[in-house]
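*Asks:*
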Amino acid sequence: MPLYEYKCVDCGSQDLRVAGLDDHTAICISCQGLMLRLDEDVFQPYFEEAAQPELKDKASSS
């Protein structure tokens, strides 16, 4: 399961949590308020960059 970042609607606290694709909400451990999942998987940008190193090399040589 991927890591997602959640933000509390009430107190603004942020937290990283392991969650499934359908887990869009969670309970805040600070205030027991509603937490909403922020848009993307925390590691997705890393994997996208790691998957395309040849594009990075071409851009730097131009």
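Heads up: the sequence shown begins at 1 in full-length UniProt numbering, then just goes up one per residue.
For each residue, glycine too, the CB sits at the ideal point set by N, CA and C.
Please read all numbers here as calculations on a predicted model, not as lab measurements.
Contact check, Met1 vs Val18 under 8 Å by CB: the rounded distance?
*Replies:* 5 Å
*Asks:* For Val9, name the three-state secondary structure that DSSP assigns.
*Replies:* coil
*Asks:* How would you write the range of the beta strand (DSSP E) that Leu21 sits in, first residue to last?
*Replies:* Note, Leu21: premise wrong, no beta strand (DSSP E); not H, not E.
*Asks:* Based on the DSSP output, what are the partners of Leu34 in its beta bridges?
*Replies:* Ile27
*Asks:* Check whether the Cβ atoms of Asp15 and Gly33 sit closer than 8 Å, and answer yes or no.
*Replies:* no
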